[in-house]
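Have a look at the structure below before the remarks.
Numbering (the UniProt record's numbering), first residue to last: 1 to 240.
In structure tokens form, the structure reads like this:
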């Protein structure tokens, strides 16, 4: 059973608003400054051949966040101090299905164009290899259930706001949506230091890849990227 403090914290999650976008962009960039996976994808022998790395991330968020706001898939605590993006289960019946597919196609095309314009050849190669490996792993460990699961695609909290329960609040807001539908929630964690946090939210590691393990151009330890799953919790289970 949730105590009163937990209920109060949970009530702080709300839909991201257009006026929150500048702060949300700052939060996203700040939270991932030292992300090990970002380091692997960017720190390549030909990194000097990449362009506008800081600017490209701002452009991506400037395109992406308004769409997530319109689709009501962006949540926040503190008006952008903490941010979560989620994707409904692919088999969810939604209005505007055709529009959603068009928007998804536009986002993917935009992402590919930005990558091609800004990334060096080695950066592009690493990104595509990682995406293929993660997609194969997701197929292996999630199987057909993947279409029935809610996906927590982004969680970011500004570093000066961390430790206040903001991230937990947003994770709970997303998992409650999944719980109401009787669905599991899954995510990809790019930092093994976050494993304990997600486990405290009910997630379990179901698979992992070691980015850079077979990359001769990477001379640092492999970066462990994990897929984690949280099964749905019923009202009866929560009250125990």
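In this text, a Cβ means the ideal position worked out from N, Cα and C, and glycines have one as well.
With burial defined as no fewer than 16 other Cβ atoms inside 10 Å of the residue's Cβ, what is the status of residue i: buried or exposed?
i           : result
residue 73  : buried
residue 102 : exposed
residue 76  : buried
residue 190 : buried
residue 157 : buried
residue 217 : exposed
residue 81  : buried
residue 230 : buried
residue 167 : buried
residue 92  : exposed
residue 108 : exposed
residue 165 : buried
residue 14  : exposed
residue 219 : exposed
residue 131 : exposed
residue 65  : buried
Can you give the Cα-Cα distance for residue i and residue j, rounded to whole angstroms?
i           : j           : result
residue 194 : residue 184 : 19 Å
residue 26  : residue 182 : 34 Å
residue 176 : residue 211 : 32 Å
residue 104 : residue 86  : 14 Å
residue 62  : residue 55  : 10 Å
residue 113 : residue 234 : 43 Å
residue 179 : residue 152 : 13 Å
residue 32  : residue 209 : 19 Å
residue 18  : residue 134 : 32 Å
residue 37  : residue 160 : 21 Å
residue 232 : residue 148 : 12 Å
residue 146 : residue 89  : 8 Å
residue 22  : residue 119 : 24 Å
residue 136 : residue 154 : 20 Å
residue 34  : residue 100 : 33 Å
residue 5   : residue 110 : Model confidence at residue 5 stands at a pLDDT of 48, short of 50, so the residue's coordinates are unreliable; what they give is reported in the following sentence. About 42 Å.
What I want to know is whether the C-beta of residue i ends up closer than 7 Å to one or more non-hydrogen atoms of the ligand MN.
i          : result
residue 90 : Summarising the ligand content, the structure contains no ligands, and the ligand MN is consequently not present.
Can you tell me which of the three DSSP states residue i falls into?
i           : result
residue 16  : coil
residue 44  : coil
residue 234 : coil
residue 33  : coil
Cβ of residue i less than 8 Å from any chain D Cβ?
i          : result
residue 83 : Here chain D cannot be found, since the structure has a single protein chain.
For a minimum of 4 consecutive residues, which ranges assigned as the alpha helix (DSSP H) are wholly contained in the stretch 53 to 96? 53 to 70
Can you confirm whether the stretch 43 to 55 touches the stretch 111 to 131 when touching is taken to mean that 3 or more C-beta pairs between the two stretches lie within less than 8 Å? yes
Counting Cβ pairs closer than 8 Å, one from the stretch 62 to 80 and one from the stretch 129 to 143, do we hit at least three? no
Tell me whether the stretch 199 to 211 and the stretch 172 to 190 touch, counting them as touching only if at least three CB pairs, one residue from each stretch, are closer than 8 Å. yes
Scan the UniProt domain "N-acetyltransferase" (83 to 230) and note each continuous beta strand (DSSP E) run of 3 residues or more that stays entirely inside, going in chain order. 150 to 157, 185 to 189, 204 to 211 and 223 to 230
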